[in-house]
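These notes concern the structure reproduced below.
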Amino acid sequence: MSKEIKKGWKEIPIGGLLLDAGNSREYETGTWRTFKPIHNAEKCINCYFCWEFCPDNSILIKDDKVVGMNYFQCKGCGVCAAVCPTKAIEMVKEEK
Amino acid sequence: MTTKYEALTGAEAAALAMKQINPDVVAVYPITPQTPIVMKFSEYVANGEVDTEMVRVESEHSAMSATVGAAGAGARAMTATAANGLALMWEIVYIAASTRLPIVMGLVNRALSGPINIHCDHSDSMGARDSGWIQIYSENAQEVYDNYFMALRIAEHKDVLLPVMVCQDGFITSHSVENVLPLEDAQVKKFIGKKNFKGLLTSEKPYTIGPLDLQDYYMEHKMQQHDAMKHVIPVIEKIQKEYAETFDRKYEIIEEYRTDDADMVIVGMSSVMGTVKDVIDMMREEGIKVGAVKPRLFRPFPAEKIKNVLSKFKAIIILDRSDSFGSFPPLYGEILASFFAAEKKPYIKSFIHGLGGRDTNVEMIKEVISELQKLRDTGESNFTIDYLGVR
Amino acid sequence: MKNIFEITWYGRGGLGAKTGAILLADAAITANKFVQAFPEYGPERQGAPIKVYNRISDDPVRVHTAITNPDFIIVIDPSLIESIDFEEELKDGGKILINTDKTPEEIKTKMKLGSKDANIYTIDATGISIKFLGKNIPNIPILGAFSDITKMIEIGEIKKHLHEKLITKYGQDIIDKNIQALEAAYSEVKQ
């Protein structure tokens with residue numbers, strides 16, 4: 005794990021305020037995975053069950069079609085694979 | 147400026163000050179002896195004399211929560227409570243301070259039971275002395291009134307941004323009619339100015355208040371609070387000076403009474419000090435050179451100032467209106483600590499008085515002065531703690 | 089603390105002692121005095137004995153204690169007479185005003201006065217109150233009598249503040265009746 009340089013008390017907003025909304029986008033949780041979801045477009049019927057259930061909003065949609073996963077955020081929980089009615093998502097071991 | 151005195155109780159003076167401040171939000175729950183503040187302010191709201199959104203909550207926990215919510219969203223928000231009410235809002239009291247919200251709260255000092263008691267002592271606010279709030283103590287209704295406006299300016303000052311408790315003695319001040327010289331609405335408006343908004347919380351400019359703050363940043367935020375408290379005393383001095391220049395009403399962080407040629411003093415806070423001043427005048431007629439020192443600010447504690455003021459005397463007795471069971475009573479303990487590094491130390495003794503509204507009368511203050519004389523002459527009772535007027 | 093005129097009111101909850109003391113403070117402020125008016129609170133119960141205090145002075149009043157040695161004692165409910173230790177409490181040469189239809193001479197025998205040199209006055213404030221208001225709220229007639237005895241406070245000032253303080257709560261009719269009672273009491277004090 006890389007050593008993050010944290011800011012000092014004079015450099016952060018007072019009172020624990022977070023002034024920029026939606027900053028969790030900058031927080032990489034993709035490193036937490038031990039299994040990784042692989043999307044198979046051929047089997048996918050674009051029912052969006054995976055998109056509905058994903059707790060991290062990591063299912064990428066483009067032009068009404070599921071096009072893959074945001075691996076920067078995806079924690080590899082496997083909910084998407086579990087709910088997929090056509091087994092279009094497969095959990096494979098994360099190779100590191 | 148108006149020169150017409152009005153007959154107001156301390157609670158009415160507080161409500162009038164709140165009316166003239168005209169805060170955006172007031173969330174309160176009534177509790178004896180703070181109730182008349184709520185009653186009077188509700189009347190102003192019902193009569194349309196203020197623009198305030200008054201939130202009639204179901205408990206003090208909610209009162210402070212709603213006040214925090216409003217202040218967090220950028221509103222000028224106020225509340226008031228006493229004793230068990232303060233106890234019920236406890237966790238949010240800390241959150242208000244650590245979230246750096248410039249809330250002004252009227253605190254009508256009452257014994258924090260038990261056995262159950264509704265009368266004055268300082269056990270409620272003294273319990274909250276480490277909550278991160280600024281605490282100002284008022285001697286009479288006039289001080290209560292004036293303190294509100296200064297408190298607001300202190301709380302909202304960019305170098306401070308901390309909540310302030312304006313304390314007054316339950317019943318003794320809150321329910322006693324006294325002469326109060328009010329300011330005109332326009333004068334108050336000009337003095338307090340517009341709130342220095344960081345911006346209202348809107349969908350265009352969102353921000354997060356009160357997020358989880360763990361090992362990585364919590365201490366940095368505490369350091370900020372620690373540092374903010376250091377700015378308070380110079381800010382108060384500046385604001386008190388401005389208040390004196392604008393309205394010809396002079397207040398000091400530490401008020402001295404007939405100390406010029408005194409070799410011994412009584413130190414205490416709030417309403418008892420009025421009585422002390424009168425008894426000092428009596429004793430002076432008998433040639434006893436005694437004075438009084440009244441800290442108006444307890445948090446942050448003006449340690450350096452108190453040391454400088456008190457080191458002039460041979461003996462001091464400190465009156466505390468609360469106990470710290472198993473330790474030093476609050477004001478006494480702070481003063482002891484202030485003197486630790488001093489080269490010249492007076493004899494020092496503590497009296498705990500007036501618990502649960504016990505009348506601290508003229509005879510008791512005379513007794514304190516006779517103890518002071520003994521302390522000055524013999525030093526025998528140095529570092530002792532006693533209850534005044536206990537059977 | 090010199091030159092403070094101290095008053096203790098003895099009453100029962102509901103008889104208006106507190107309102108009386110506040111009106112007195114209001115009127116005294118108009119006469120450029122410094123004042124205090126404060127009750128000795130216990131749990132508030134209608135009918136329970138209560139004490140209310142006034143301080144009136146030419147200088148700012150700083151003392152914050154109960155009054156133990158008043159210049160003037162007002163007994164708003166005569167049933168309290170026998171329970172008050174006038175000898176212990178009243179300042180020497182002080183005055184006592186009692187709400188009763190008896191004369192000072194008649195009531196004196198029931199009072200614990202000892203050797204105290206006291207000036208006793210009586211006023212049938214209850215009688216006046218019932219006559220004008222139809223019920224026993226003797227505080228306003230008492231103020232009329234107080235004004236007559238001490239000449240400290242103008243009766244006109246009491247009228248003004250009575251109107252200001254109570255008009256929204258009670259309306260013009262009650263205010264008018266109270267003013268009649270106030271005026272009646274002013275000239276009916278017995279010494």
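Protein chains in written order, with our numbering: chain A, 5 to 100; chain B, 147 to 537; chain C, 89 to 279. All C-beta atoms in this analysis are idealised placements derived from N, C-alpha and C, irrespective of residue type, glycine included.
Taking only the alpha-carbon atoms, compute the straight-line gap between ASP170 of chain B and PHE474 of chain B and give it to the nearest angstrom.
-> 40 Å
How would you call MET5 of chain A, buried or exposed, if buried means at least 16 neighbouring beta carbons within 10 angstroms?
-> Any reading at MET5 of chain A must be qualified, since the residue scores a pLDDT of 49, below 50, and its modelled position is unreliable; no value is offered.
Consult DSSP for VAL439 of chain B and reduce its assignment to one of helix, strand or coil.
-> strand
Closer than 7 Å by beta-carbon distance: list the chain B residues that pair up with ASP114 of chain C, in chain order.
-> ALA153
Looking at C-alpha atoms only, which residue of B:ILE426, B:LYS458 and B:ILE481 is the closest neighbour of PHE444 of chain B?
-> B:ILE481
Spell out the partners DSSP gives LYS97 of chain A in its beta bridges.
-> Partner(s): A:PHE39.
Same chain, Cβ closer than 7 Å to GLY181 of chain C, neighbours up to 5 away in sequence not counted = By the criterion of a C-beta distance shorter than 7 Å, GLY181 of chain C is surrounded in its chain by ASP205, once the five residues flanking it on both sides are discounted.
Should LEU64 of chain A be flagged as near chain B, meaning a C-beta pair shorter than 8 Å?
-> no
Quick one: residues in its chain with C-beta nearer than 7 Å to the C-beta of LYS76 of chain A, no 5 flanking neighbours on either side, listed in chain order?
-> A quick correction: the sequence has Phe, not Lys, at residue 76 of chain A. Cβ neighbours of PHE76 of chain A beyond the five flanking positions: GLU32 and GLY34.
Beta carbon proximity, TYR240 of chain B to chain A, threshold 8 Å | no
At least one CB of chain B closer than 8 Å to the CB of TRP36 of chain A: is that the case?
-> no
Mind pulling the chain B residues with CB within less than 9 Å of LYS10 of chain A?
-> Going along chain B in sequence order, the residues near LYS10 of chain A (Cβ under 9 Å) are ASP362, TYR363 and GLU366.
Residues that TYR403 of chain B bridges to, as DSSP identifies them | B:ALA438
Chain-ordered chain A contacts of ILE355 of chain B [CB-CB under 7 Å] | LEU21
Chain E contact residues for SER417 of chain B, given Cβ-Cβ distances below 8 Å | Of the protein chains in the structure, A, B and C, none is chain E.
Assigned exposure category for MET311 of chain B - 16 Cβ within 10 Å defines buried | With a 10 Å radius around the Cβ and a threshold of 16 neighbouring Cβ atoms, MET311 of chain B comes out buried.
Please name the residue in B:ILE338, B:TYR364, B:ALA487 and B:ARG522 whose C-alpha comes closest to that of TYR389 of chain B.
-> B:ILE338
Does the distance from the CB of LEU534 of chain B to the CB of SER527 of chain B come in under 8 Å?
-> no
Specify, as a first and last residue, the run of the alpha helix (DSSP H) that GLY313 of chain B falls within.
-> Looking at the sequence itself, residue 313 of chain B is Cys, so the reference to Gly does not match. Counting along the chain, CYS313 of chain B falls outside any alpha helix (DSSP H), though it belongs to the beta strand (DSSP E) covering 310-315.
Residues that THR210 of chain C bridges to, as DSSP identifies them = C:ILE186 and C:LYS278
In whole angstroms, what is the alpha-carbon distance linking GLU98 of chain A and THR38 of chain A?
-> Straight-line Cα distance between these residues: approximately 5 Å.
Closest residue to PHE447 of chain B among B:GLY278, B:ALA223, B:ALA153 and B:VAL174 (Cα-Cα distance) = B:GLY278
Cutoff 8 Å: VAL83 of chain A Cβ touching any chain B Cβ | no
May I have a chain-ordered list of the alpha helix (DSSP H) segments no shorter than 4 residues that lie completely inside the segment 163-237 of chain B?
-> 181-192, 206-218 and 229-234
Beta carbon of GLY80 of chain A nearer than 8 Å to that of LYS47 of chain A = One thing to note: GLY80 of chain A has its Cβ no nearer than 8 Å to the Cβ of LYS47 of chain A.
Contact check, ALA116 of chain C vs ILE255 of chain C under 8 Å by CB: the rounded distance?
-> So it is not a contact: roughly 20 Å between Cβ atoms.
Does any residue of chain A bring its CB to less than 8 Å from the CB of PRO309 of chain B?
-> no
Which of helix, strand or coil DSSP assigns to ALA136 of chain C = Under the three-state reduction of DSSP output, ALA136 of chain C falls in the coil class, being neither helix nor strand.
From B:VAL536, B:ILE355, B:TYR403 and B:ALA157, residue whose alpha carbon lies closest to that of PRO17 of chain A | B:ILE355
Taking the DSSP output, what are the residues bridged to GLU152 of chain B?
-> B:VAL326
At least one CB of chain C closer than 8 Å to the CB of GLY306 of chain B: is that the case?
-> Sequence inspection shows Val at residue 306 of chain B; the Gly mentioned does not correspond to that position. It does not: the Cβ of VAL306 of chain B has no partner Cβ on chain C nearer than 8 Å.
If you count every other CB in all the chains shown that lies within 10 Å of the CB of VAL436 of chain B, and 16 or more means buried, which is it?
-> buried
Using three-state DSSP, classify MET5 of chain A as helix, strand or coil.
-> The predicted model places MET5 of chain A with a pLDDT of 49, which falls under 50 and marks its position as unreliable, so this point remains unresolved.
Where do the N-terminal and C-terminal ends of the beta strand (DSSP E) with VAL250 of chain B fall, by residue?
-> 250-255
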